[in-house]
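Numbered per this note's numbering, the sequence shown spans residues 975 to 1577.
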Amino acid sequence: MEAGASTGRHALGLLALALVVLIAGVARARTVLASPSFAGEPPEALLRSDPGLLLYITDRIVAGGGLPPADFRADPRVQAPEGTDLAAEFTVGQEFLVAWAAKWCAPGVSLHIVALWVSSLLASAAAVGVYLLVVSRTRSPGWALLAALLFSVLPANSRTLGFVLMREDLAIPLFALHLGLLGWAERRRDARAFLLAGLAAGAALATWFAMGFVFALELGCLGLWFLRGNRSPFEARGAWAALVGPVLVATLVPALRATGFLVSIPMLVAFSLLGVGLARGMGRLRSRAAGAFVSIVAPFVLLCVVTLLDPGRSSRRHVFELLLAKVRLGGRRPVDPTAIPFDARLLWQGPFETLAPSDLYRWIGALGWVLALVFCVLAVRSRRKLGGFDALLAALLLVSLPAAWAVGRLVVLVGLFLPMLAGLARLGPDRRRVLPLVLVLLLARVSGYRSELAGWSFPWYGSAESRREQAELVAWVGDHVPPDEVVAADFVTSTPLLLFDGSRIVLQPKYDTERSRRRIEEYLRVFAGPSAKELARVLGDRFRSTLLVTDDALRADLEWTAGIVPTAEAKAVGYDAAALEAAGFESLYRSPRYRVWRVPRER
């Protein structure tokens, strides 16, 4: 009888969870569709930068009938004139889901609208991982549902609202599922459960390059757990299976294989902890000092060997350069861009800007922080010592705060880990006494979230005039430029020309690979250089480009990235109309924001 009642509670909990996910996803999509900056606008006016590129990849999959087209591994339009192996350059994942939805569920619906709905539902599905983790720790569907609801109404978890397609909308739900399954596996101590948790981690890694950094945070916390308690997390029965998923994707997914993820720092740490765990299990490694030596020194030695064998393969070097620069400069972008390396300058913009403490407070909200404080107090007052998996959750929350400060895009991690504190709070002795307070605060947060959605605006799409100019540029290029011509433009403006006009573009906005970063550096060196003739030579000879497109709205950011001090009199030659005309560039199109130039042919 008691078992039947428990099954009924869990069934009701899952049904309520499905409603929370559905309502949250629909609310996200409808909020964007009702926004004046989105509603009624043609896709040509909206899609640029990353979303434009990802929708292009999605469109290619749609054209392939839901499968990669024949030229997927050698696309001639991205990073012309050489072209790009899309599977090796990008972590393609959600594009398939959108393409399948467009083909089988919404034929005839504009692809960007399908992408908006799919992304909205996927992003809200991260609540499933929160629910699974909390119910695995507490065995309370009600408490887990409260945690899932809190996740759904924290502002941080709506950071991607309006972008149409963003990598974290799929990767974060998969990572949340990984943590939920890991909590379940830690309780069961079963290889199959650990295998599922590892497969979810592998799927998250395969769909967003930045998940490698998140994975490193998790492995770092596990390493500290080992140093604190002298127990490797892989000493648990069956825990070795958690690495099967990451190893599989590191060897099978072209993007991770091309960037050497199998020998990256987080994987080397994982292998070292696994080695310690196996050695402990066989009785070969008993002392704490020996275990610490192996877990700390082994990754360093392996990394040195890998670097010596293949010194150019470190795909995360630009991330470390950015983080070191931010720590050294206190998070303030230097006025003189040459004070930091080019790769750090390239990354230090947009979603990778430093997050001010006031913004971190705003992304969680006053009531969110109050609820977090209540959960922390309950956890501290728990009758049992905080340790094991619960300590891992607390450590992840703590490290996510400086991570979000350094890279604003990662504030979603704070929004993910805070609700998971409910799993600790349920274990405290005062939970029944404070439950009414938790419910009142949560209802107030739900009400506040509804008000936030009602007043939501998205300045990234710019003014109505700006959107109109972009649509007119796309229309002009489509009418006057053959699709096979190579267009040189910044990585924001290039993608709508790629998506809607079929133009072959020199630059693309996702610079996760060494090749993409060196190409941008090469382009900006001449675009911001002193010689228009040198610009014409490189565009024509190196990139085989016939057109140069400039966006005046991006001038300050591009010049700073190129290394021009904002206070200096020098300016990028690509924005100097007189110099371009003197070098033989022909003006073909002009609006307040955009210019299109014909690149002179070598005489």
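All residues carry an ideal CB built from backbone N, CA and C; glycine is no exception.
Owing to the predicted nature of the structure, the values given are computational and were not obtained by experimental measurement.
Reduced DSSP secondary structure (H/G/I, E/B, other) of residue i
| i | result |
| --- | --- |
| I1338 | helix |
| G1286 | Unreliable placement is indicated for G1286, whose pLDDT of 45 sits below 50; the coordinate value is still reported in the next sentence. Residue state, collapsed to three classes: coil. |
| I1314 | coil |
| R1564 | strand |
| L989 | helix |
| M975 | Since pLDDT at M975 reaches only 47, below the 50 mark, its modelled position is unreliable, and no value is offered. |
| I1479 | strand |
| D1059 | coil |
| W1322 | coil |
| W1571 | strand |
| D1364 | helix |
| D1453 | helix |
| V1052 | strand |
| S1246 | helix |
| T1469 | helix |
| P1393 | helix |
| F1474 | helix |
| R1357 | Low confidence applies to R1357: its pLDDT is 48, below 50, so where it sits in the model is not reliable, and the reading given next is rough at best. Coil, per DSSP. |
| F1208 | helix |
| W1434 | helix |
| P1042 | coil |
| A1445 | helix |
| T1112 | helix |
| R1231 | helix |
| T1005 | helix |
| P1308 | coil |
Residue range of the alpha helix (DSSP H) that includes residue i
| i | result |
| --- | --- |
| P1032 | A quick correction: the sequence has Thr, not Pro, at residue 1032. Residues 1023-1037. |
| V1218 | 1218-1226 |
| L1554 | 1551-1556 |
| T1535 | 1529-1536 |
| G1157 | 1142-1162 |
| V1092 | 1085-1098 |
| Q1068 | 1068-1078 |
| L1181 | It is Thr, not Leu, that sits at residue 1181 in the sequence shown. T1181 -> alpha helix (DSSP H) spans 1165-1181. |
| S1490 | 1488-1501 |
| F1125 | 1115-1127 |
| L1236 | Counting along the chain, L1236 falls outside any alpha helix (DSSP H), and DSSP gives it neither H nor E. |
| A1510 | 1506-1511 |
| V1293 | 1291-1302 |
| L1020 | 1017-1020 |
Beta-carbon spacing of residue i, residue j below 9 Å
| i | j | result |
| --- | --- | --- |
| V1227 | L1179 | yes |
| G1251 | F1208 | yes |
| G1219 | G1176 | yes |
| R1478 | V1460 | yes |
| L1021 | V1138 | yes |
| W1582 | S1009 | With the chain covering only 975 through 1577, there is no way to say anything about residue 1582. |
| F1474 | R1111 | no |
| L1384 | V1188 | yes |
| G936 | L1509 | Outside the shown range of the chain (975 to 1577) lies residue 936, about which nothing can therefore be said. |
| L1151 | G1212 | no |
| T1328 | G1389 | no |
| L1156 | A1216 | yes |
| Y1497 | A1551 | no |
| E1069 | I1035 | yes |
| L1085 | T1469 | no |
| V1386 | E1142 | yes |
| V1312 | V1108 | Checking the sequence, you will find Thr at residue 1312 rather than Val. No, these two residues do not count as a Cβ contact at 9 Å. |
| V1309 | W1450 | no |
| G1366 | L1196 | In the sequence as displayed, the identity of residue 1366 is Leu instead of Gly. For L1366 and L1196, yes; Cβs fall inside 9 Å. |
Range covered by the beta strand (DSSP E) that runs through residue i
| i | result |
| --- | --- |
| A1462 | 1460-1462 |
| S1519 | 1519-1525 |
Environment of residue i [buried if 16+ CB atoms lie within 10 Å]
| i | result |
| --- | --- |
| M1140 | buried |
| P1055 | exposed |
| G1286 | In this prediction, G1286 has a pLDDT of 45, which is less than 50 and means its spatial position is unreliable; nothing more can be read from the coordinates. |
| T1520 | buried |
| V1306 | According to the sequence shown, residue 1306 is Arg rather than Val. R1306 comes out exposed. |
| E1560 | exposed |
| P1376 | exposed |
**Message:** For the structure I just gave you, are there three or more beta carbon pairs, one from the region 1159-1173 and one from the region 1118-1134, closer than 8 Å?
**Reply:** Touching, no.
**Message:** With a threshold of 8 Å, are at least 3 pairs of Cβ atoms found where one atom belongs to the region 1088-1107 and the other to the region 1003-1011?
**Reply:** Counting Cβ pairs under 8 Å, three or more are found: they touch.
**Prompt:** How about the region 1493-1513 and the region 1540-1558: do they share at least three Cβ pairs that are nearer than 8 Å?
**Reply:** Yes, since at least three Cβ pairs between the region 1493-1513 and the region 1540-1558 fall closer than 8 Å, the two stretches touch.
**Prompt:** Is the region 1439-1450 close to the region 1027-1047, with three or more CB pairs under 8 Å?
**Reply:** The answer is no - the region 1027-1047 does not touch the region 1439-1450, with fewer than three Cβ pairs under 8 Å.
**Message:** Three or more C-beta pairs under 8 Å: does that hold for the region 1510-1517 against the region 1559-1575?
**Reply:** Contact check between the region 1510-1517 and the region 1559-1575: three or more CB pairs, one atom from each, fall below 8 Å, which counts as touching.
**Message:** Any contact between the region 1487-1501 and the region 1050-1066? By contact I mean 3 or more CB pairs, one from each, below 8 Å.
**Reply:** In the pairwise beta carbon analysis, the region 1487-1501 is classified as touching the region 1050-1066: at least three pairs are separated by under 8 Å.
**Prompt:** On the three-pair Cβ rule with 8 Å, is the region 986-995 touching the region 1405-1422?
**Reply:** No, because fewer than three Cβ pairs between the region 986-995 and the region 1405-1422 fall closer than 8 Å, the two stretches do not touch.
**Asked** Three or more beta-carbon pairs under 8 Å between the region 1523-1538 and the region 1318-1327, yes or no?
**Response** Contact holds: three or more Cβ-Cβ distances are below 8 Å.
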